[in-house]
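Trainee: Under our numbering, think of the first position of the sequence shown as 9, with each following residue one higher.
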Amino acid sequence: MIAHFIPLQQHQSRPANFYKTLIAGLISQATNLGVVAMSASVKGVTVDMLRHILQFYVREETNKNASAEIVNQHHQLPFSEIHGSGTLSSSDAQRFKIRADSLLASYYPRYYGC
Numbered sequence: 009m010i011a012h013f014i015p016l017q018q019h020q021s022r023p024a025n026f027y028k029t030l031i032a033g034l035i036s037q038a039t040n041l042g043v044v045a046m047s048a049s050v051k052g053v054t055v056d057m058l059r060h061i062l063q064f065y066v067r068e069e070t071n072k073n074a075s076a077e078i079v080n081q082h083h084q085l086p087f088s089e090i091h092g093s094g095t096l097s098s099s100d101a102q103r104f105k106i107r108a109d110s111l112l113a114s115y116y117p118r119y120y121g122c
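1) Classify Y27 as helix, strand or coil using the three-state DSSP reduction.
2) With L58 as the anchor, note down where its alpha helix (DSSP H) starts and where it stops.
3) Just mark A32 as buried or exposed, buried being the case when its beta carbon has 16 or more other beta carbons within 10 Å.
4) With three or more C-beta pairs closer than 8 Å as the rule, is the region 42-54 touching the region 66-75?
5) Would you identify the three-state DSSP class for F87, choosing helix, strand or coil?
6) What residues in its chain sit with their C-beta under 8 Å from that of K28, if we drop five residues either side in the sequence?
7) Rounding to the nearest angstrom, what Cα-Cα distance links V66 and I90 in this structure?
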């Protein structure tokens, strides 16, 4: 996964503890914790280090490539077959079918659909 986080062109400076800082930076953004709170939570990682990583290494392209690698690696594990083909997603691996004409049912495009 780390191989996908390449710097912007002509930028070669990696901060100390690159992997630790990269993971902290990704978590700070994914959880909306932010760089200040994350730097206070992770020993040896400063706000400047996190900002550097987020500015020069974390982009839509790098996130997309790293996520694809994680999904592909996970899909190769025998256990992943238990949850199906991978065409549907659920954070807790639960899916409850209900009748479409139910008054309690609603269609949400973000879940199971286009």
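Using N, Cα and C, we set each Cβ at its ideal position, and we do this for glycine too.
Mentor: So, from the listed chains and residues:
1) One-based indexing of the sequence shown puts residue 27 at position 19. Y27: helix per DSSP, three-state reduction.
2) Taking the sequence shown and counting its residues from 1, the one referred to as residue 58 is at position 50. Segment V55 to F64, the alpha helix (DSSP H) holding L58.
3) Translated into the one-based positions of the sequence shown, residue 32 becomes position 24. Classification of A32: buried, given that the 10 Å Cβ count is 16 or more.
4) no
5) Position 79 of the sequence shown, counting from 1, holds the residue named residue 87. Reduced to three states, the DSSP call for F87 is helix.
6) By one-based count along the sequence shown, residue 28 stands at place 20. Once the five neighbours on either side are set aside, the close Cβ partners of K28 are V50, G52 and V53.
7) Here residue 66 refers to the residue found at position 58 of the sequence shown. Here residue 90 refers to the residue found at position 82 of the sequence shown. One C-alpha to the other measures close to 33 Å.
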